[in-house]
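Participant:
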Amino acid sequence: MTFEDFENYSYFYDLPEEEESPQSTLSIAHMISLSFYSVAFLLGVPGNAIVIWFMGFKWDKSVSTLWFLNLAIADFIFVLFLPLYITYVAMGFHWPFGKWLCKMNSFIALLNMFASVFFLTFISLDRYIRLVHPVFSYKYRTIKNTLILSVIIWMSAAVIGGPALYFRDTATALNNVTICYKIADRFGGVVDFTSADEMCIFAYAVLY
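For the sequence shown, the working numbering assigns the number 736 to the initial residue and increments by one for each residue that follows.
Below, the structure written as C-alpha coordinates:
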(Lines of atoms letter the chains of each structure in order from A; the text may use other names.)
(Lines give C-alpha, C1' and ligand atoms only; values in the text may rest on other atoms or scores of the structure.)
Protein backbone atom coordinates (compact mmCIF):
# COMPACT_ATOMS: atom_id res chain seq x y z
CA MET A 736 0.00 0.00 0.00
CA THR A 737 1.38 3.36 -0.95
CA PHE A 738 1.27 6.71 0.81
CA GLU A 739 -1.49 7.88 -1.51
CA ASP A 740 -3.75 4.99 -0.48
CA PHE A 741 -4.15 6.28 3.05
CA GLU A 742 -2.75 9.77 3.08
CA ASN A 743 -5.97 11.03 4.71
CA TYR A 744 -5.95 8.44 7.51
CA SER A 745 -4.55 8.82 11.00
CA TYR A 746 -5.34 7.54 14.46
CA PHE A 747 -7.76 8.75 17.12
CA TYR A 748 -7.27 12.27 15.89
CA ASP A 749 -7.73 13.78 12.42
CA LEU A 750 -9.73 10.72 11.35
CA PRO A 751 -11.32 10.68 7.87
CA GLU A 752 -14.56 12.59 7.63
CA GLU A 753 -15.86 10.93 4.50
CA GLU A 754 -18.09 7.91 4.99
CA GLU A 755 -16.66 6.20 1.95
CA SER A 756 -17.34 2.55 1.21
CA PRO A 757 -14.13 0.49 1.58
CA GLN A 758 -14.70 -1.30 -1.72
CA SER A 759 -14.85 1.96 -3.66
CA THR A 760 -11.24 2.79 -2.84
CA LEU A 761 -9.79 -0.15 -4.79
CA SER A 762 -7.78 0.84 -7.83
CA ILE A 763 -6.92 -1.11 -10.95
CA ALA A 764 -3.46 -1.77 -9.52
CA HIS A 765 -5.00 -3.31 -6.42
CA MET A 766 -7.27 -5.51 -8.53
CA ILE A 767 -4.27 -6.75 -10.49
CA SER A 768 -2.34 -7.38 -7.28
CA LEU A 769 -5.29 -9.38 -5.92
CA SER A 770 -5.08 -11.61 -8.98
CA PHE A 771 -1.36 -12.19 -8.42
CA TYR A 772 -1.85 -12.98 -4.75
CA SER A 773 -4.73 -15.34 -5.48
CA VAL A 774 -2.70 -17.26 -8.05
CA ALA A 775 0.24 -17.40 -5.62
CA PHE A 776 -2.05 -18.92 -2.99
CA LEU A 777 -3.71 -21.42 -5.32
CA LEU A 778 -0.37 -22.64 -6.68
CA GLY A 779 1.74 -22.15 -3.57
CA VAL A 780 -0.28 -24.27 -1.14
CA PRO A 781 -0.37 -27.52 -3.14
CA GLY A 782 3.05 -26.91 -4.69
CA ASN A 783 4.86 -26.45 -1.39
CA ALA A 784 2.81 -29.21 0.25
CA ILE A 785 4.00 -31.66 -2.41
CA VAL A 786 7.62 -30.58 -1.94
CA ILE A 787 7.32 -30.99 1.85
CA TRP A 788 5.71 -34.41 1.47
CA PHE A 789 8.37 -35.82 -0.85
CA MET A 790 11.42 -34.21 0.76
CA GLY A 791 10.22 -34.77 4.30
CA PHE A 792 8.71 -38.25 4.08
CA LYS A 793 9.56 -39.95 0.79
CA TRP A 794 13.08 -39.09 -0.29
CA ASP A 795 16.28 -40.04 1.51
CA LYS A 796 17.55 -37.33 3.82
CA SER A 797 20.54 -35.36 2.57
CA VAL A 798 22.04 -31.93 3.14
CA SER A 799 20.48 -30.57 -0.06
CA THR A 800 17.00 -31.95 0.64
CA LEU A 801 17.07 -30.48 4.16
CA TRP A 802 17.86 -27.01 2.82
CA PHE A 803 15.03 -27.12 0.29
CA LEU A 804 12.66 -28.70 2.81
CA ASN A 805 13.14 -25.74 5.15
CA LEU A 806 12.67 -23.31 2.27
CA ALA A 807 9.42 -25.05 1.29
CA ILE A 808 8.17 -24.95 4.89
CA ALA A 809 8.82 -21.20 5.08
CA ASP A 810 6.93 -20.59 1.84
CA PHE A 811 4.08 -22.94 2.83
CA ILE A 812 3.47 -21.09 6.10
CA PHE A 813 3.52 -17.80 4.21
CA VAL A 814 0.97 -18.77 1.55
CA LEU A 815 -1.40 -20.09 4.22
CA PHE A 816 -1.70 -16.52 5.49
CA LEU A 817 -2.15 -14.95 2.03
CA PRO A 818 -6.00 -15.12 2.17
CA LEU A 819 -5.90 -12.66 5.08
CA TYR A 820 -4.05 -10.09 2.99
CA ILE A 821 -6.22 -10.82 -0.06
CA THR A 822 -9.34 -10.18 2.02
CA TYR A 823 -7.77 -7.04 3.50
CA VAL A 824 -7.18 -5.53 0.08
CA ALA A 825 -10.49 -6.76 -1.39
CA MET A 826 -12.41 -5.07 1.44
CA GLY A 827 -10.77 -1.73 0.76
CA PHE A 828 -8.07 -2.22 3.39
CA HIS A 829 -10.52 -3.10 6.13
CA TRP A 830 -9.08 -5.63 8.61
CA PRO A 831 -11.86 -7.85 10.07
CA PHE A 832 -9.64 -10.49 11.67
CA GLY A 833 -8.74 -8.85 14.97
CA LYS A 834 -5.56 -7.64 16.62
CA TRP A 835 -3.89 -11.04 17.12
CA LEU A 836 -4.04 -12.01 13.43
CA CYS A 837 -2.93 -8.49 12.49
CA LYS A 838 0.24 -9.04 14.48
CA MET A 839 0.72 -12.65 13.38
CA ASN A 840 0.14 -11.92 9.69
CA SER A 841 2.89 -9.29 9.64
CA PHE A 842 5.20 -11.53 11.68
CA ILE A 843 4.72 -14.45 9.25
CA ALA A 844 5.44 -12.21 6.25
CA LEU A 845 8.71 -11.03 7.80
CA LEU A 846 9.61 -14.51 9.05
CA ASN A 847 9.21 -15.91 5.54
CA MET A 848 11.15 -13.09 3.93
CA PHE A 849 14.19 -13.38 6.18
CA ALA A 850 14.11 -17.19 6.46
CA SER A 851 13.91 -17.51 2.66
CA VAL A 852 16.82 -15.10 2.16
CA PHE A 853 18.92 -16.95 4.74
CA PHE A 854 18.14 -20.41 3.36
CA LEU A 855 18.80 -19.35 -0.24
CA THR A 856 22.10 -17.84 0.89
CA PHE A 857 23.14 -21.06 2.61
CA ILE A 858 22.02 -23.15 -0.37
CA SER A 859 24.36 -21.11 -2.58
CA LEU A 860 27.15 -21.29 0.00
CA ASP A 861 26.64 -25.04 0.35
CA ARG A 862 27.04 -25.57 -3.38
CA TYR A 863 30.15 -23.41 -3.45
CA ILE A 864 31.78 -25.34 -0.60
CA ARG A 865 30.90 -28.68 -2.14
CA LEU A 866 32.52 -27.76 -5.47
CA VAL A 867 35.47 -25.60 -4.41
CA HIS A 868 36.39 -27.06 -1.02
CA PRO A 869 35.68 -30.82 -1.22
CA VAL A 870 37.82 -31.72 1.80
CA PHE A 871 36.07 -29.20 4.04
CA SER A 872 32.74 -30.30 2.59
CA TYR A 873 33.42 -33.98 3.34
CA LYS A 874 34.29 -33.18 6.96
CA TYR A 875 31.69 -30.59 7.91
CA ARG A 876 28.88 -30.90 5.37
CA THR A 877 26.74 -33.26 7.43
CA ILE A 878 23.05 -33.65 8.17
CA LYS A 879 23.66 -32.86 11.84
CA ASN A 880 25.38 -29.56 11.05
CA THR A 881 22.67 -28.70 8.54
CA LEU A 882 19.97 -29.26 11.16
CA ILE A 883 21.83 -27.06 13.64
CA LEU A 884 22.21 -24.28 11.07
CA SER A 885 18.53 -24.61 10.13
CA VAL A 886 17.47 -24.08 13.74
CA ILE A 887 19.75 -21.05 13.99
CA ILE A 888 18.28 -19.62 10.78
CA TRP A 889 14.70 -20.06 11.99
CA MET A 890 15.53 -18.48 15.34
CA SER A 891 17.31 -15.56 13.67
CA ALA A 892 14.41 -14.93 11.29
CA ALA A 893 11.96 -15.09 14.19
CA VAL A 894 13.99 -12.60 16.23
CA ILE A 895 14.23 -10.18 13.30
CA GLY A 896 10.51 -10.47 12.53
CA GLY A 897 9.52 -10.51 16.20
CA PRO A 898 9.02 -6.74 16.61
CA ALA A 899 5.96 -7.03 14.34
CA LEU A 900 4.21 -8.84 17.21
CA TYR A 901 4.57 -5.69 19.30
CA PHE A 902 4.51 -2.84 16.80
CA ARG A 903 1.34 -4.00 15.04
CA ASP A 904 -2.13 -2.99 16.18
CA THR A 905 -5.63 -2.35 14.90
CA ALA A 906 -7.67 0.86 14.98
CA THR A 907 -11.17 1.77 13.82
CA ALA A 908 -11.83 4.99 11.93
CA LEU A 909 -15.05 7.02 11.98
CA ASN A 910 -16.39 5.13 8.96
CA ASN A 911 -16.04 1.80 10.84
CA VAL A 912 -13.07 0.71 8.75
CA THR A 913 -10.62 -1.24 10.89
CA ILE A 914 -7.00 -0.95 9.85
CA CYS A 915 -3.93 -3.06 10.62
CA TYR A 916 -1.05 -0.65 11.11
CA LYS A 917 2.40 -0.12 12.59
CA ILE A 918 2.24 1.64 15.95
CA ALA A 919 5.13 3.84 14.80
CA ASP A 920 2.91 5.15 11.98
CA ARG A 921 0.39 6.39 14.50
CA PHE A 922 2.56 9.40 15.14
CA GLY A 923 3.18 10.07 11.47
CA GLY A 924 -0.43 10.00 10.33
CA VAL A 925 0.17 7.44 7.59
CA VAL A 926 -1.27 3.94 7.47
CA ASP A 927 0.38 1.17 5.52
CA PHE A 928 0.82 -2.56 5.58
CA THR A 929 4.62 -2.02 5.78
CA SER A 930 6.82 -1.99 2.74
CA ALA A 931 8.53 -5.17 3.94
CA ASP A 932 5.22 -7.05 4.00
CA GLU A 933 4.23 -5.91 0.53
CA MET A 934 7.72 -6.50 -0.88
CA CYS A 935 7.64 -10.03 0.46
CA ILE A 936 4.15 -10.73 -0.92
CA PHE A 937 4.92 -9.20 -4.32
CA ALA A 938 8.17 -11.13 -4.63
CA TYR A 939 6.40 -14.37 -3.80
CA ALA A 940 3.63 -13.69 -6.31
CA VAL A 941 6.17 -13.01 -9.07
CA LEU A 942 8.75 -15.70 -8.31
CA TYR A 943 6.57 -18.57 -7.17
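Ideal Cβ positions, reconstructed from N, Cα and C, are used throughout, including at glycine.
Quick check on DSSP: helix, strand or coil for Lys796?
Facilitator: Taking the sequence shown and counting its residues from 1, the one referred to as residue 796 is at position 61. Note: Lys796 maps to coil in three-state DSSP.
Participant: What number of angstroms, rounded off, separates the C-alpha of Ala892 from the C-alpha of His765?
Facilitator: Taking the sequence shown and counting its residues from 1, the one referred to as residue 892 is at position 157. Taking the sequence shown and counting its residues from 1, the one referred to as residue 765 is at position 30. Rounded to the nearest angstrom, the two C-alpha atoms are 29 Å apart.
Participant: Give a yes or no on contact between the stretch 811-827 and the stretch 774-787, applying the rule of three or more CB pairs nearer than 8 Å.
Facilitator: yes
Participant: Taking the CB atoms as reference points, tell me whether Ala899 and Phe832 lie closer together than 8 Å.
Facilitator: What you label residue 899 is simply residue 164 of the sequence shown in a count that begins at 1. What you label residue 832 is simply residue 97 of the sequence shown in a count that begins at 1. No, these two residues do not count as a Cβ contact at 8 Å.
Participant: Going by beta carbon distance, what residues of the same chain come within less than 8 Å of His829, once the five residues before and after it are set aside?
Facilitator: Counted from its first residue, the sequence shown places residue 829 at position 94. Pro757, Tyr823, Val912, Thr913, Ile914.
Participant: Skipping 5 residues on each side, what residues in its chain have a beta carbon closer than 7 Å to that of Leu846?
Facilitator: On the sequence shown, position 111 is the one that residue 846 refers to. Closer than 7 Å at the Cβ level, and outside the excluded window around Leu846, lie Ala892, Ala893, Gly896.
Participant: Relative to the alpha-carbon of Ile918, which residue among Lys796, Thr856, Ala784, Lys838 has its alpha-carbon at the smallest distance?
Facilitator: Translated into positions along the sequence shown, residue 918 becomes position 183. Its Cα nearest to that of Ile918, the residue Lys838 stands out among Lys796, Thr856, Ala784, Lys838.
Participant: Using the beta-carbon count (16 or more within 10 Å), is Ile763 buried or exposed?
Facilitator: Position 28 of the sequence shown, counted from the start, is the residue given in the question as residue 763. The residue is exposed, with fewer than 16 neighbouring Cβ atoms inside 10 Å.
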